[in-house]
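**Student:** Residue numbering for the sequence shown follows the numbering used here, beginning at 60 and increasing consecutively. Where a beta carbon is used, it is the ideal one built from N, C-alpha and C, also for glycine.
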Amino acid sequence: TILRLMKPTAGKIFFEGTNILPWAGDRLRQLRRQMQIIFQNPYSSLDPRQKVGAAIMEPLVIHRVGQKASQRERAVYLLEKVGLDSTALDRYPHEFSGGQRQRICIARALALNPKFIICDESVSALDVSVQAQVLNLLKALQREFNLTYIFISHDLSVVKFMSNRIMVMNRGSIEEIDTAENIYRHPTSDYTRQLIAAIPQPALLK
Numbered sequence: 060t061i062l063r064l065m066k067p068t069a070g071k072i073f074f075e076g077t078n079i080l081p082w083a084g085d086r087l088r089q090l091r092r093q094m095q096i097i098f099q100n101p102y103s104s105l106d107p108r109q110k111v112g113a114a115i116m117e118p119l120v121i122h123r124v125g126q127k128a129s130q131r132e133r134a135v136y137l138l139e140k141v142g143l144d145s146t147a148l149d150r151y152p153h154e155f156s157g158g159q160r161q162r163i164c165i166a167r168a169l170a171l172n173p174k175f176i177i178c179d180e181s182v183s184a185l186d187v188s189v190q191a192q193v194l195n196l197l198k199a200l201q202r203e204f205n206l207t208y209i210f211i212s213h214d215l216s217v218v219k220f221m222s223n224r225i226m227v228m229n230r231g232s233i234e235e236i237d238t239a240e241n242i243y244r245h246p247t248s249d250y251t252r253q254l255i256a257a258i259p260q261p262a263l264l265k
């Protein structure tokens, strides 16, 4: 809904201080260059019939950014940024592991040089060891490209690792919003306290 992929039933959506809910047409199209999403499941996020290079270049083609040669250069650059090499361009998604596929999805999300990315349960489908690698990659890319993330997750230890500010939601309603430090040390909502109590303590100390 934040990205206007689904129509909201109520409320407003603010981006850089402006309510974008009424936007449509070319104005909305330009906005979408600045806002991207990394979905939960890297297996269903990529078209199995589309080569990796085409998948990463697709946003550039849709928004008419550059020519074919420069689009390919951008794809190679982004693959290297996520820890893959140029040989991935001409391969298909089924040739990669889940962690590698999610790296490809991250590269695709970066194609248009966005300001803001929604990470929707972006590591929950991965093995725990691979989760750590992808989370560290996301943090490194955030620093390098000055990105803002909304990181959606049910795993509060992952949320603590990734977040500066946290919004706790329960059945579609906001329970509380605060810094990550305050949420974990001084939660004000009973629901938040229950969530934190359910986390193994070693996870909170990371």
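Report all residues from its chain with a CB closer than 7 Å to the CB of I72; omit the five preceding and five following residues, and keep chain order.
**Tutor:** Along the sequence shown, read from residue 1 onward, the residue named residue 72 stands at position 13. Closer than 7 Å at the Cβ level, and outside the excluded window around I72, lie I61, N78, I79 and L80.
**Student:** Count the other CB atoms within 10 Å of the CB of G84; is the residue buried (16 or more) or exposed (fewer)?
**Tutor:** Along the sequence shown, one-based indexing puts residue 84 at 25. The residue in question, G84, is exposed, as its Cβ has fewer than 16 Cβ neighbours within 10 Å.
**Student:** To which residues does DSSP link S232 through a beta bridge?
**Tutor:** Working through the sequence shown from its first residue, we reach residue 232 at position 173. Its beta-bridge partners are N229.
**Student:** In the DSSP output, what is Y208 paired with across the bridge?
**Tutor:** Indexing the sequence shown from 1 puts residue 208 at position 149. Y208 pairs with I176.
**Student:** In whole angstroms, what separates the C-alpha of E75 from that of R160?
**Tutor:** On the sequence shown, residue 75 is found 16 positions in, with the first residue counted as 1. On the sequence shown, residue 160 is found 101 positions in, with the first residue counted as 1. Taking the straight line joining both Cα atoms gives about 31 Å.
**Student:** Closest to Q190 by CA distance: which of I258, R123 and R162 is it?
**Tutor:** For the purposes of this step, residue 190 is taken as the residue at position 131 of the sequence shown. For Q190, the nearest C-alpha among the options comes from R162.
**Student:** Would you kindly work out how many angstroms separate the C-alpha atoms of L206 and S222, rounded to a whole number?
**Tutor:** Locating residue 206 in the sequence shown gives position 147, where the first residue counts as 1. Locating residue 222 in the sequence shown gives position 163, where the first residue counts as 1. Cα to Cα, L206 sits roughly 13 Å from S222.
**Student:** Which residues does DSSP list as the beta-bridge partners of N78?
**Tutor:** The residue labelled residue 78 in the question sits at position 19 within the sequence shown. Beta-bridge pairing links N78 to F73.
**Student:** Since I96 is in the alpha helix (DSSP H), which residue starts that stretch and which ends it?
**Tutor:** Along the sequence shown, read from residue 1 onward, the residue named residue 96 stands at position 37. First-last for I96: M94 to I97, but that is the beta strand (DSSP E), not the alpha helix (DSSP H).
**Student:** Should P152 and L105 be called a contact, given that it needs their Cβ atoms to be closer than 8 Å?
**Tutor:** Walking along the sequence shown from the start, residue 152 turns up at place 93. Walking along the sequence shown from the start, residue 105 turns up at place 46. Yes. Within cutoff.
**Student:** Compare the C-alpha of L185 against each of L196, S156, A199 and L138 and name the closest.
**Tutor:** Position 126 of the sequence shown, counted from the start, is the residue given in the question as residue 185. When only C-alpha atoms are compared, the closest one is S156.
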